[in-house]
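Data block below; observations after.
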Amino acid sequence: MLESLKHEVVRFLSHLQLQQDESAEALEQQRREEQAKRAMEFQHAESSALDDEGLQDEPSDTPKTPETFVREGRKVGRNEPCPCGSGKKYKQCHGKLD
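Residue numbers for the sequence shown follow our numbering, beginning at 3 and rising by one.
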């Protein structure tokens, strides 16, 4: 096992190529420029979150209010029997957190 590890290290070091400082700096500068270009390219083709109304400069006179949730039946307490008829407490049956 040690012999194969030595062989791998020697093989890796034999393929290693050293660069001069000037060429390394030029490659690093080129990489930074490409990275800056890619960062500027992140634009969405379509925006589904904003519709035509959301793009208007003037604010509308009627503010949009979210619809309030209205429960049809009464609220089931955590320690009350589950309405499904299992006989368990609601918190141990359908009210159980996953």
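Ideal placement from N, C-alpha and C gives every residue a C-beta, glycine not left out.
Keep in mind that this is a model prediction, so the values were computed, not measured.
C-beta atoms of residue i and residue j nearer than 9 Å
i, j, result
"Val78", "Gly97", "yes"
"Gly75", "Pro83", "no"
"Lys66", "Asn81", "no"
Whole-angstrom distance between residue j and residue i, CA atom to CA atom
i, j, result
"Phe14", "Lys8", "10 Å"
"Gln37", "Glu30", "10 Å"
"Gly87", "Ala41", "57 Å"
"Gln22", "Ser6", "31 Å"
"Arg34", "Val12", "32 Å"
"Arg19", "Met3", "For the record, residue 19 in the displayed sequence is Gln; it is not Arg. C-alpha separation (whole angstroms): 27 Å."
"Thr70", "Cys95", "27 Å"
"His17", "Ala28", "22 Å"
Residues that DSSP places opposite residue i in a beta bridge
i, result
"Lys91", "Pro83"
Element boundaries [alpha helix (DSSP H), containing residue i]
i, result
"Phe14", "Leu4 to Ser16"
Local conformation of residue i per DSSP, three classes
i, result
"Glu74", "coil"
"Glu30", "helix"
"Gln22", "coil"
"Glu69", "coil"
"Lys98", "coil"
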